[in-house]
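Asker: This is the structure I want to talk about, given as structure tokens.
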Amino acid sequence: MQRLGIQPGRPITIASRRGEVVLYARADDSSPVGAVFVPFCYYEAAINRLTNAALDPFGKIPEFKYCAIKISPGGVMARQGSYGGGQILAGYAKAAK
């Protein structure tokens with residue numbers, strides 16, 4: 020991360036040939052050098068937009084696990100929205116204070 024000028028907790032841009040997302044960086048010593056892991060269960064990040072849409076020839080399962088990316092420090096975070104018109108979780112955090 021340091022070699023790329025990336026600091027934990029700061030925004031980074033992850034880009035592939037298919038698009039880009041801006042996320043907050045987090046250091047994790049359990050990941051191999053050169054590997055990046057992004058949880059794919061959050062619609063705000065929509066990381067599967069960046070992955071390869073190729074299908075397994077037998078099971079027809081998308082190849083969402085691997086793709087070439089470029090990582091750079093900075094970026095503009097997407098405006099936080101809500102899925103399906105539900106409540107924004109950030110609003111709950113503010114209300115809890």
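Sequential numbering from 20 applies to the sequence shown in my numbering. Glycine included, C-beta positions come from ideal geometry on N, C-alpha and C. Bear in mind that the values here come from a model prediction, so they are computed numbers and not experimental data.
(1) Secondary structure at ILE88, three-state DSSP: helix, strand or coil?
(2) Since VAL40 and ALA73 should fall inside the 8 Å C-beta cutoff, what is the C-beta to C-beta distance between them, to a whole number of angstroms?
(3) What does a CB cutoff of less than 6 Å around ILE88 pick up in its chain, not counting 5 residues either side in sequence?
(4) Hey, out of PRO30, CYS60 and LEU23, whose CA is closest to VAL52's CA?
(5) Assuming the contact rule is C-beta atoms closer than 8 Å, PHE56 and SER50 should be a hit. Round their C-beta distance to whole Å, please.
Answerer: On the basis of the coordinates in this document:
(1) Walking along the sequence shown from the start, residue 88 turns up at place 69. Three-state DSSP puts ILE88 in coil, outside helix and strand.
(2) On the sequence shown, position 21 is the one that residue 40 refers to. On the sequence shown, position 54 is the one that residue 73 refers to. Wrong, their Cβ atoms sit about 20 Å apart, outside the cutoff.
(3) Sequence index remark: in the sequence shown, residue 88 carries index 69 (1-based). Closer than 6 Å at Cβ, skipping near neighbours: ILE33 and SER35.
(4) Here residue 52 is taken as the residue at index 33 of the sequence shown, counted from 1. Nearest of PRO30, CYS60 and LEU23 to VAL52, Cα basis: LEU23.
(5) Reading the sequence shown from its first residue, position 37 is the one you call residue 56. Reading the sequence shown from its first residue, position 31 is the one you call residue 50. Sure, about 6 Å apart at Cβ, within 8 Å.
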